[in-house]
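Throughout the sequence shown, residue numbering follows the numbering used here, covering 1 to 172 in sequence. Quick reminder that beta carbons are idealized off the backbone N, C-alpha and C, glycines included. Written out below as structure tokens is the structure these notes cover.
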Amino acid sequence: MIEPFAASQVREGHAGERIVSYGTSSYGYDVRCADEFKIFTNINSSIVDPKAFDEGSFVDFKGPVCMIPPNSFALARTVEYFRIPRSVLTICLGKSTYARCGIIVNVTPLEPEWEGHVTLEFSNTTPLPARIYAGEGCAQVIFLESDEVCSVSYADRGGKYQRQHGVTLPRT
1 MIEPFAASQV
11 REGHAGERIV
21 SYGTSSYGYD
31 VRCADEFKIF
41 TNINSSIVDP
51 KAFDEGSFVD
61 FKGPVCMIPP
71 NSFALARTVE
81 YFRIPRSVLT
91 ICLGKSTYAR
101 CGIIVNVTPL
111 EPEWEGHVTL
121 EFSNTTPLPA
131 RIYAGEGCAQ
141 VIFLESDEVC
151 SVSYADRGGK
161 YQRQHGVTLP
171 RT
């Protein structure tokens with residue numbers, strides 16, 4: 001269901017340095033942010049329109065630390081690839097370490113039989129630049145299992161974000 005999978009909570013990186021934890025938690029799984037980012041910029045004075053999103057509104061960045069401008073946001077993806085079972089729905093919430101710094105992580109629910117890398121949105125609500133660390137925990141996925149399978153899954157509907165790889169922009 002989750003690849004790669006950490007069976008316990010990981011709190012140390014290479015050479016023993018402290019990191020924002022990831023891996024299995026009490027009732028969920030703390031995902032990591034990959035090192036691929038799309039940082040929002042308004043250099044083109046575009047209008048944000050989910051039906052006609054201008055890809056030129058983003059600057060692509062790849063690296064271990066992403067700097068998000070004040071009052072802006074960045075898109076990223078999880079390191080982990082998910083395959084959600086037909087009887088499971090997930091809710092994803094940002095980790096408190098980021099929330100306490102004014103960085104909000106937004107992810108929509110992962111529906112039954114959805115699969116792919118999760119696209120993450122990091123909103124910097126502060127008037128200062130904010131850092132996001134690749135390879136470290138950023139959000140927790142909580143799993144809700146039903147007693148029965150759903151009648152129509154995300155795969156059955158042919159959902160537009162099925163099997164997404166990389167940072168995926170809005171589609172209509």
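Per DSSP, GLN162 has no beta bridge partner at all.
Between ASN124 and ILE68, the gap from beta carbon to beta carbon is short of 9 Å. If you look at SER21, you'll find it in the beta strand (DSSP E) that goes 18-24. Taking 8 Å as the upper bound for CB-CB distance, LEU120 and CYS66 are not in contact here, some 11 Å apart. GLY63 is not bridged by DSSP to any residue. The alpha carbon of GLU55 has as its nearest neighbour, out of ASN71, LYS62, LYS38, the alpha carbon of LYS38. Taking every protein chain shown into account, the CB of ALA7 has fewer than 16 other CB atoms within 10 angstroms, so this residue is exposed. The three-state secondary structure of TYR98, taken from DSSP, is helix.
In this structure, the alpha-carbon of ARG163 lies about 14 Å from that of SER153. When rounded, the separation of the alpha-carbon atoms in THR172 and VAL88 is 25 Å.
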